[in-house]
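In order, the protein sequence lines correspond to chains A and B. Note that the numbering used here has the first sequence beginning at 1, numbered continuously upward. Note that the numbering used here has the second sequence beginning at 1001, numbered continuously upward. Where a beta carbon is used, it is the ideal one built from N, C-alpha and C, also for glycine.
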Amino acid sequence: MNTWAGFPLPKDGPAPGSCIRVERPEDGLVFLHLDPPHRSLAVFDGPLLRDLDAVLQDLEHDHNLKAVVLAGADPLRFAGGADLDAIATFDDPVVLEEVVLAVHKLFRRLEKLPARTVAAVGGPVPGGACEISLCCDFIVAADHPKTRIGLPETQLGIIPGWGGCHRLPRRIGLPAAMQAILSGKLYPAKKAKRLQMVDRVTAPEYLWEVAANIAMKRERVRPVSRGWKHWLVDRNPLLMHLVSKKARETVMKKTRGKYPAPLEAISLVANGVQTPLEEGAKKEARAIAKLASGSVCKSLVRLFQASEAAKKWGKNADGTSFPPLQSAGVVGGGVMGGGIASSFAMKGIATRLADLSQDAVDAAVQNHRKDVAKKVKRRQFQKHQGMAAVDALDGTTSIHQFSHAELVLEAVAERLEIKQSVFKEIAANVSESTILATNTSSLSVTKIAEGIPHPERVVGMHFFNPVKRMPLVEVIQGEQTSEESVRRVAALALRLGKTPVIVKDVAGFLVNRILGPYLDEAVRLFLDGADVQKVDRFLVDFGMPMGPFRLLDEVGLDIAKHAGESLHRAYGERMEPASGLEALSSESRLGRKTGKGFYDYPKDRKEKPTPCTDLASFQTRTVAKNLPKEDVVDRLVLSMVNEGLLCLQENVVAGPQELDLATVFGTGFAPFEGGLYSYAQRRGLQNIQGRLLELGKKPLF
Amino acid sequence: MKPFSAQDHTADIVLAAGIRTPWAKAGVAFREEDAAHLGALAARELLARSGLANTDLDEVIAGCVGPPHDQANLGRVLSLRAGISQGTPARTVARNCASGFETVTSAMDTLLAGRGDTFLCVGVEMMSAYPLLFGNKMVGLFEKLMKARTLGARVQAIAEFRPAFLKPRVALLEGLRDPITGLLMGSTAEHIARDFGITRQACDQYALQSHQRAGAAKKSGRLEKELFPVLPLDRSNKKNSLSQDDSPREEQTLERLAKLRPYFEKPDGVVTVGNACGITDGAAALLITTAERASALGLSPLAKIRSFAWTGCDPSRMGLGPVSSTHAALQAAGCSLEDIGAVELNEAFAAQVLGCVHGMKKEGVGELRPERLNVNGGAIAFGHPVGATGARLLLTAAHELKEGNHELTLATLCIGGGQGGAFVLENIT
């Protein structure tokens, strides 16, 4: 295959010169529109880079040239980042380093053009798109909710490799650049202007005109200058040291050193201002080569691609979008129902929450208003947006008032006859096309749909607790559920900022089914004498967000027991729950919600919980007391792996990609491992099988 | 002005549905609400309960005496906040204490002009939110300060300041003073008391009855039919929904009422805070449409509007407005006061209500029998959120048709500035 400096140029790809539309609206001014025919949003892939190379060559020989405007296909479609698919094909770090350097040189040529250059950006401007803009003399951004500018590379396990680590700190200063690059945040236009990431903000409709005026010096814009701060802050060795030390501490605390990219970024950015660009380019390329060939980056990229792929479920099969949901109903004002209703209302969906108890409705609405107030305080919402979010949720004690809701979700008690009667009553009062979604975690969606008129619109929409933080929604397709219902619910999940995974209607669905054996195994370890805190620490070290006992406390011992029993009923002997935990759990000891479970929870939520002192009295044996770390981790993690692979075999999810996504977003399974399947694949089936057999032979298994 | 009479028109205009928030003492439960939010709550609740789509309306009409300064067209703001479609126009109307009535008569005028058949009428008043204003001298000082360019000019402006400048103008009090006669509303009631020889004791007796009837209506669940629980916007976050009007005092006694000093004319007046209406927040929403459209929407209307009338009277005796307006509305309805099963006559002041009873007898309108007058109590017990009261009177009178199995009921109120408004409602069987 042909390549441009290593980037693949597919045979059936676009013709040379077709990826950049060159326009000369007036004498001396050139507009470069990144508008490749094979993509809706330009991505820095082989064909685009090849054409950019050619265009720059022309411009370098154009003696009449006064100004260049770099623009997108339209004001809100500038460009994306690097072509991740292509980068994933480079296995050899040496090749990758050269490829990165080639792009560097290309960008540097744009920077060195004697003409005045202006980037006219809008819409998403992540990574590579941001870095090429930084090479221009001025950046004008379209003021629009879709505009998001930044360098998110660290989130994918790499670093900004096309000059970002060096040009951004030069432009906006060391502290702000450090924060931008480590957080990977994408900033709205106005915020970017405040940070001096862009020089001018204007309406999308005026973007190109303003860019042309600045390029042709008809509008004067003061070039960004750090002034005295350049010397006192950005090049101050003491400050550089302090900033990078602080950043390193924060990163280590957050990632426990499992992610190399942020650490790499810190040392590059800290020296970013004083490193000459040519040398910086080499450093960045070397870092990229090292990071991109590592497993963390590969895992994160794969997860990113999986979550991008999940987005296709939010559209019709032919790629057209659904009209956004306007109004919804939620039945059940408990923790789940209230949380779900609140998340609807936050997105401006007019939501009516129904519960038989006025007190439950009141509590749910109050919680929603509290959350809105927090968002206003943190400036995530402007005042009027907060007001709209408050307006969007109201409560009632009747379930007969959803007549114009396009979707009604139930989150009532987990009993089949209750759920069915709720749906029947709702169905009698709404239109035939109203989606009936159930947030059940343990009942069959197919069974719930039985006897409901138009069962094709009954679909599972399984949120996780706490709703506002958990990023996964399992969309459960019952036997009669139509694909359209599934897609409409997936679209809603995406709008709420969640990732939908389509799951077959089996007991426990995917996440709870996998967590079942894991938590059960933890209970067995406990009964056999294992130290609760130690086990939890081992699993956190492995990469879980919290240990199994903390998780059991969070879920609630009663709920966990109920879930375990329903898994047992569905899957028989192999899911038989461990017996012996009854002694520990009681009405007043059900985990976090009662203040006590495996741990004692201080009233002040900021204080750390401590393991209960009486735990030993519930342990029946001592064999697991001093179990080595590997055995503990493998016993727990491999129970999950085992169940996950079984789910794949039974087609509970579409494929390994979805399994990875669901385990990372639903259980918090170590993202740097890429998810359950990626982890298993890396370890190798034989290794896993052998290890399970070995553990099985040990007397306590 | 010519009254409206249903006989003159072929289409029946109906009050198809209605709902209100509880009436809450100003500065208590709803102190952090704003007018648009409270109105929007009532509007949304009405749409949800009656199963209307947000595109079913031709216009939204809000009535409010003191709309907040940041909600210039309150009707539009509350309409959008209630989720009513952007394409539905909205306006705000006012006729002082009868602004709630005015929403309905405005809707009917528009309907009769053939420019729509479905109107959402919302009366709302947030008396908690009435502002304190700077006096003219302070405003003058601010102006000078704004214009001052030099430091000297600024110092000079500041030097003019006197502590007395800080004395606020209370919008509520100024709003309750008639600018033509210079009388506070309570003083107009004192005029009526003297005209008809109404005693302090009679006033207190009437006030007590209002509280007692309100208490009974609360207990029997009668009021729950017209209101819905509202969870107040409140940062303290500890309160639950307000599900009842919070003003009626069950423990009210004649002795307690007798202890209160006259508020407006000391020491001989009869009007006290005990026998006058309270300062209150609330909102009520009504759906005005034709009988035909109501049945197309699947609604069973509460009442048919048989007639209404606006009349004018002496502003210094504005409390007698209901006498002339009732007279005109009854004539337009083709019936007598005797035919009316229940009368909702707004209780601005006990003296004013009793004055109307005397006045109607004197003017030959008829005898207002106590057992038919304000059977669930009135504003003395519930309070009087001025812009919303008219809508509540109509809602209560409409419910009373079914409750008391009456053929006709009447809603009427007096209006600051010297006017009266009255509606005759007819049972739909």
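Would you list, in chain order, the members of the stretch 1219-1232 of chain B that have their beta-carbon closer than 9 Å to a beta-carbon of chain A? 1228, 1229, 1231
On a CA-only basis, which of 49(A), 558(A), 675(A) is nearest residue 662(A)? Give me that one, please. Sequence index remark: in the first sequence, residue 662(A) carries index 662 (1-based). Per the Cα distances, 675(A).
How long is the line joining the alpha carbons of residue 517(A) and residue 191(A), rounded to whole angstroms? Locating residue 517(A) in the first sequence gives position 517, counting from the first residue. Locating residue 191(A) in the first sequence gives position 191, counting from the first residue. Spanning the two alpha carbons is a distance of roughly 47 Å.
Cβ shell of residue 486(A) (< 8 Å), same chain only, five flanking positions each side left out: Taking the first residue of the first sequence as position 1, residue 486(A) is located at position 486. Around residue 486(A): 313, 459, 475, 477, 502.
For a contact meaning CB atoms closer than 9 Å, what does residue 1241(B) contact in chain A? Here the question's residue 1241(B) lines up with position 241 in the second sequence. Those are 358, 359, 361, 362, 365, 395, listed as they occur along chain A.
Backbone CA spacing between residue 1090(B) and residue 408(A) [nearest angstrom]: Your numbering for residue 1090(B) matches position 90 in the second sequence. Your numbering for residue 408(A) matches position 408 in the first sequence. Going by the C-alpha atoms only, they are around 30 Å apart.
Residue 1118(B), buried or exposed, once every other Cβ within 10 Å from all chains shown has been counted against 16: Translated into the one-based positions of the second sequence, residue 1118(B) becomes position 118. With 16 or more other Cβ atoms within 10 Å, it is buried.
Proximity winner among 258(A), 269(A), 184(A), relative to residue 167(A) (alpha-carbon distances): Numbered from its first residue, the first sequence carries residue 167(A) at position 167. Of 258(A), 269(A), 184(A), the residue nearest in Cα terms is 269(A).
Per the DSSP calculation, residue 1218(B) is bridged to which residue(s)? By 1-based counting over the second sequence, the position of residue 1218(B) is 218. Note: residue 1218(B) sits in no beta bridge, so no partner.
Using C-beta distances below 7 Å, list every residue in its chain close to residue 701(A), excluding the 5 sequence neighbours before and after it, in chain order. To locate residue 701(A), count along the first sequence from 1; it is residue 701. Unreliable placement is indicated for residue 701(A), whose pLDDT of 43 sits below 50; the coordinate value is still reported in the next sentence. These residues qualify, in order along the chain: 695.
Rounded to a whole number of angstroms, what is the C-alpha to C-alpha distance between residue 656(A) and residue 259(A)? In the first sequence, counting from the first residue as 1, residue 656(A) sits at position 656. In the first sequence, counting from the first residue as 1, residue 259(A) sits at position 259. When rounded, the distance between both Cα atoms is 23 Å.
Which residue comes first and which comes last in the alpha helix (DSSP H) that contains residue 255(A)? On the first sequence, position 255 is the one that residue 255(A) refers to. Note, residue 255(A): alpha helix (DSSP H), 237-255.
Who are the Cβ neighbours of residue 1410(B) in its own chain at under 6 Å, not counting the five residues just before and after it? For the purposes of this step, residue 1410(B) is identified with residue 410 of the second sequence, where counting begins at 1. Cβ within range, chain order: 1340, 1343, 1424.
Give the straight-line distance between the Cα atoms of residue 1300(B) and residue 1418(B), rounded to the nearest whole angstrom. Working through the second sequence from its first residue, we reach residue 1300(B) at position 300. Working through the second sequence from its first residue, we reach residue 1418(B) at position 418. Using only the alpha carbons, I get a separation of about 36 Å.
State buried or exposed for residue 1286(B), treating a residue as buried only when at least 16 other CB atoms are found within 10 Å of its CB. Here residue 1286(B) corresponds to residue number 286 of the second sequence, with the count starting at 1. So residue 1286(B) counts as buried.
Taking the alpha-carbon positions, what's the residue 200(A) to residue 437(A) distance? To locate residue 200(A), count along the first sequence from 1; it is residue 200. To locate residue 437(A), count along the first sequence from 1; it is residue 437. Cα to Cα, the separation comes out at about 46 Å.
What do you reckon, are the CB atoms on residue 529(A) and residue 619(A) nearer than 9 Å? Reading the first sequence from its first residue, position 529 is the one you call residue 529(A). Reading the first sequence from its first residue, position 619 is the one you call residue 619(A). In this structure, residue 619(A) lies closer than 9 Å to residue 529(A) by Cβ.
Segment limits, alpha helix (DSSP H) that includes residue 1140(B): Start at 1 with the first residue of the second sequence, and residue 1140(B) comes out as number 140. Per DSSP, residue 1140(B) belongs to the alpha helix (DSSP H) from 1136-1147.
Taking only beta-carbon atoms, is residue 1156(B) less than 9 Å away from chain A? Residue numbering aside, residue 1156(B) sits at position 156 when the second sequence is read from its first letter. Interface annotation, residue 1156(B): not in contact with chain A, CB-CB separation never under 9 Å.
From residue 153(A) to residue 127(A), what does the alpha carbon distance come to, in whole angstroms? Here residue 153(A) is taken as the residue at index 153 of the first sequence, counted from 1. Here residue 127(A) is taken as the residue at index 127 of the first sequence, counted from 1. Cα-Cα distance, rounded: 6 Å.
Taking C-beta to C-beta, are residue 14(A) and residue 37(A) nearer than 9 Å? Your numbering for residue 14(A) matches position 14 in the first sequence. Your numbering for residue 37(A) matches position 37 in the first sequence. A contact, by the Cβ cut-off of 9 Å.
If you reduce the DSSP assignment to three classes, tell me which class residue 193(A) lands in. Along the first sequence, read from residue 1 onward, the residue named residue 193(A) stands at position 193. The answer is helix: DSSP assigns residue 193(A) an H, G or I state.
Compare the beta carbon distance of residue 176(A) and residue 195(A) with 9 Å and say whether it is the shorter of the two. Against the first sequence, residue 176(A) aligns to sequence position 176. Against the first sequence, residue 195(A) aligns to sequence position 195. The Cβ atoms of residue 176(A) and residue 195(A) lie closer than 9 Å to each other.
Classify residue 391(A) as helix, strand or coil using the three-state DSSP reduction. Residue 391(A) sits at position 391 when you count from the first residue of the first sequence. In the structure shown, residue 391(A) sits in a helix (DSSP, three-state: H, G or I).
Length of the line joining the Cα atoms of residue 1018(B) and residue 1388(B): As a first step, residue 1018(B) is located in the second sequence; it is residue number 18 there, counting from the start. As a first step, residue 1388(B) is located in the second sequence; it is residue number 388 there, counting from the start. Residue 1018(B) and residue 1388(B): Cα-Cα distance of roughly 13 Å.
Which first and last residues belong to the alpha helix (DSSP H) in which residue 1307(B) is found? Locating residue 1307(B) in the second sequence gives position 307, where the first residue counts as 1. It is not in any alpha helix (DSSP H) - residue 1307(B) instead sits in the beta strand (DSSP E) that spans 1303-1312.
Neighbour flag for residue 1040(B) against chain A, beta carbons, 9 Å: The residue given as residue 1040(B) occupies position 40 in the second sequence. Cβ-Cβ to chain A under 9 Å: yes for residue 1040(B).
Quick check on the burial criterion: 16 or more other C-beta atoms within 10 angstroms. Buried or exposed for residue 1096(B)? The residue labelled residue 1096(B) in the question sits at position 96 within the second sequence. Buried, by the Cβ-count rule.
Name the one or two DSSP bridge partners that residue 72(A) has. For the purposes of this step, residue 72(A) is taken as residue 72 along the first sequence, with counting starting at 1. DSSP, once it has assigned bridges, lists 34(A) as partnering residue 72(A).
Can you list, in chain order, the stretches of the beta strand (DSSP E) that have 3 or more residues and sit fully within the stretch 352-398 of chain A? 393-396
Any chain B beta carbon closer than 9 Å to residue 428(A): Sequence index remark: in the first sequence, residue 428(A) carries index 428 (1-based). No, because no Cβ of chain B sits closer than 9 Å to the Cβ of residue 428(A).
Identify, in the order they occur along the chain, each residue of the same chain with its Cβ nearer than 7 Å to the Cβ of residue 229(A), setting aside the five sequence neighbours on each side. Indexing the first sequence from 1 puts residue 229(A) at position 229. These residues qualify, in order along the chain: 173.
Residue range of the unbroken beta strand (DSSP E) whose run includes residue 1126(B): The residue you call residue 1126(B) lines up with position 126 of the second sequence. From DSSP, the beta strand (DSSP E) with residue 1126(B) extends over 1118-1126.
Within 9 Å, strictly: CB atoms of residue 1043(B) and residue 1005(B): Taking the second sequence and counting its residues from 1, one reaches residue 1043(B) at position 43. Taking the second sequence and counting its residues from 1, one reaches residue 1005(B) at position 5. Using a Cβ distance threshold of 9 Å, residue 1043(B) and residue 1005(B) do not count as a contacting pair.
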